[in-house]
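Peer 1:
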């Protein structure tokens, strides 16, 4: 049950989550619970274990995608995401660093945006297996508002991707 009241003007959002230090599965579950505070009707993909991209000398990541609805504008969703990350100990030390939690706003409805603080849809979607696999599971028919391809089509046409292994459902740590 969601704590968020969904307004008739609610927008579908997709968020990508990842963690690779501490207890990644527990941290993902904690982050999903925190997202319920501002995203309603959350649907959570399976968890995928993936090799790191960029900085490779670190543990594998555990990733998933959530789909939900919100009546918040993109900049407010981003602000809330950053609050969740900070509250869970995320420190931005260097690009692609190990982290207890990472939450990316992948898409906010059909909005196309390129600002200094936020680009929508997320520019990494087409080339990141750790996003494409759970996104294609959670919303195979979601259509990229710029590329006009579905999540499934993006996955099938993606260049060589990093190693991605489906782990299964996110455990309930309740």
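In my numbering, the protein residues as written are 72 to 245.
Cβ coordinates follow ideal geometry from the N, Cα and C atoms, glycine included.
None of these values were measured; they are calculated from a predicted model.
For residue 175, which of 82, 86, 81, 80 has the nearest alpha-carbon?
Peer 2: Ranking 82, 86, 81, 80 by Cα distance to residue 175 puts 86 first.
Peer 1: Going straight from the alpha carbon of residue 135 to that of residue 200, what length do you get?
Peer 2: Spanning the two alpha carbons is a distance of roughly 11 Å.
Peer 1: Among 192, 131, 239, which residue has its Cα nearest to the Cα of residue 172?
Peer 2: Residue 131 is the option with its Cα nearest to residue 172.
Peer 1: Is residue 92 near residue 110, with beta carbons less than 8 Å apart?
Peer 2: In this structure, residue 110 does not lie closer than 8 Å to residue 92 by Cβ.
Peer 1: Determine the closest residue to residue 230 out of 138, 210, 94, 195, with distance taken between C-alpha atoms.
Peer 2: Nearest C-alpha to residue 230: 195.
Peer 1: Can you list, in chain order, the stretches of the alpha helix (DSSP H) that have 4 or more residues and sit fully within the stretch 168-212?
Peer 2: Here the runs fully enclosed are 200-209.
Peer 1: Once you ignore the five residues that flank residue 189 on each side, which residues in its own chain have a CB closer than 8 Å to its CB?
Peer 2: Once the five neighbours on either side are set aside, the close Cβ partners of residue 189 are 145, 146, 149, 176.
Peer 1: Could you please give the first and the last residue of the uninterrupted alpha helix (DSSP H) stretch that includes residue 147?
Peer 2: It spans 145-158 - the alpha helix (DSSP H) in which residue 147 sits, taken as one unbroken run.
Peer 1: From residue 73 to residue 105, what does the alpha carbon distance come to, in whole angstroms?
Peer 2: Because residue 73 sits at a pLDDT of 46, beneath the cut-off of 50, its placement in the model cannot be relied upon, and the following sentence gives the value as read from the coordinates. Taking the straight line joining both Cα atoms gives about 11 Å.
Peer 1: May I ask you to list the residues that DSSP assigns as paired with residue 238?
Peer 2: Answer is none; residue 238 lacks a bridge partner.
Peer 1: Looking only at C-alpha atoms, which of 224, 90, 99, 124 sits nearest to residue 211?
Peer 2: Selected option, being the one with the closest Cα: 224.
Peer 1: Of all the options 160, 113, 178, which has the alpha carbon lying nearest to the alpha carbon of residue 202?
Peer 2: Residue 202 has its Cα closest to that of 178, out of 160, 113, 178.
Peer 1: So what's residue 232 in DSSP terms, helix, strand or just coil?
Peer 2: Residue 232: coil per DSSP, three-state reduction.
Peer 1: Suppose the cutoff is 6 Å on Cβ atoms and the five residues either side in sequence are ignored; what does the same chain contact list for residue 234 look like?
Peer 2: So the qualifying residues of the chain are 122.
Peer 1: Tell me which residue opens and which closes the beta strand (DSSP E) that residue 113 is part of.
Peer 2: Here the beta strand (DSSP E) through residue 113 covers 111-115.
Peer 1: Return helix, strand or coil for residue 223, following the three-state DSSP convention.
Peer 2: Reduced to three states, the DSSP call for residue 223 is helix.
Peer 1: In the DSSP assignment, the beta strand (DSSP E) including residue 214 goes from what residue to what residue?
Peer 2: It is not in any beta strand (DSSP E) - residue 214 carries neither H nor E in the DSSP assignment.
Peer 1: Taking the CB atoms as reference points, tell me whether residue 239 and residue 103 lie closer together than 8 Å.
Peer 2: No; because the gap between Cβ atoms is not below 8 Å, this pair is not in contact.
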